[in-house]
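Chains as they are written, first to last, in our numbering: chain S, 38 to 151; chain F, 83 to 196.
Glycine residues also receive a C-beta, built at the ideal position from the N, C-alpha and C atoms.
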Amino acid sequence: AQSVTQLGSHVSVSEGALVLLRCNYSSSVPPYLFWYVQYPNQGLQLLLKYTTGATLVKGINGFEAEFKKSETSFHLTKPSAHMSDAAEYFCAVSPDSSASKIIFGSGTRLSIRP
Amino acid sequence: EAGVTQFPSHSVIEKGQTVTLRCDPISGHDNLYWYRRVMGKEIKFLLHFVKESKQDESGMPNNRFLAERTGGTYSTLKVQPAELEDSGVYFCASSQRVWGNEQFFGPGTRLTVL
Chain S
38 AQSVTQLGSH VSVSEGALVL LRCNYSSSVP PYLFWYVQYP NQGLQLLLKY TTGATLVKGI
98 NGFEAEFKKS ETSFHLTKPS AHMSDAAEYF CAVSPDSSAS KIIFGSGTRL SIRP
Chain F
83 EAGVTQFPSH SVIEKGQTVT LRCDPISGHD NLYWYRRVMG KEIKFLLHFV KESKQDESGM
143 PNNRFLAERT GGTYSTLKVQ PAELEDSGVY FCASSQRVWG NEQFFGPGTR LTVL
């Protein structure tokens, strides 16, 4: 069975500081990994995804994530936080390339201090 | 191109009543998914349609929940009778391609059962 663990339900950083949101997964097969973001009063938006190939994945709004198989991690980073990054972020895994369900972590709410 | 839409955005009902949620996927998307987030916990998969057929309904909590997708277009999720623990945000998503499994999410319906 697959699962996703997000460390920290709430992370607060200063504007301009590094953003690091942690995600670990468990999977018996090579996973497809995702980060979604939910801005207030909006739906979930795909930030980035890892399927195969390069382990460093770049997404929208300056975010990136690195797939580390040995650590079963897929942490999300951004070098410099912006006030507009305040949102809830979800790490997720899918078992394969077919159209199937996505398994989500519990989410991390990111706050940005001026 | 219009995204995934859901109606209503909010619904407040009393225990024992019936509620029907609607989801309109992106035009041309054969795959339609329902997810639910209860009380700030993780977003959990409910079921998956391929056109009008239920591909996977392993996440449906019990027989008080009935999902339909007549004609393979929009979908409805009926809860009858509603219980307090059904409160949460119900998300719908759709996808077109089999490979990559990129699902596009709607804004969700917030259901409150009193």
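Straight-line CA distance for Leu58 (chain S) to Glu96 (chain F)?
38 Å
With distances taken from CA atoms, which of S:Val48, S:Ser121, S:Gly90 is nearest Pro67 (chain S)?
S:Gly90
Any C-beta of chain F under 9 Å from that of Ser113 (chain S)
Note that residue 113 (chain S) corresponds to Leu in the displayed sequence, not to Ser. Not one chain F Cβ lies under 9 Å of Leu113 (chain S).
Where does Lys97 (chain F) fall in DSSP's three states?
coil
Taking the CB atoms as reference points, tell me whether Phe104 (chain S) and Thr114 (chain S) lie closer together than 9 Å.
no
For Lys106 (chain S), three-class secondary structure by DSSP
It is helical.
To the nearest angstrom, how far is the alpha carbon of Cys60 (chain S) from that of Pro189 (chain F)?
24 Å
Is there a Cβ from chain F that is less than 9 Å from the Cβ of Lys95 (chain S)?
no
So that I know if they touch, is there some Cβ in chain S lying closer than 9 Å to that of Pro120 (chain F)?
The amino acid at residue 120 (chain F) is misidentified as Pro; the sequence shows Val. Val120 (chain F) does not count as touching chain S.
In chain order, what residues of the segment 132 to 143 of chain F put their CB closer than 9 Å to some CB of chain S?
Val132, Gln137, Asp138, Ser140, Gly141
Would you mind stating whether Val132 (chain F) and Gly80 (chain S) have Cβ atoms separated by less than 9 Å?
Going by C-beta atoms, Val132 (chain F) is not nearer than 9 Å to Gly80 (chain S).
Counterpart residues of Glu167 (chain F) in DSSP-defined beta bridges
None; Glu167 (chain F) has no bridge partner.
Verify the CB distance criterion: does Val86 (chain F) have a CB-CB separation below 9 Å to chain S?
With 9 Å as the cut-off, Val86 (chain F) counts as an interface residue toward chain S.
Span separating the alpha-carbon of Ser121 (chain S) from that of Gly45 (chain S):
Cα to Cα, Ser121 (chain S) sits roughly 20 Å from Gly45 (chain S).
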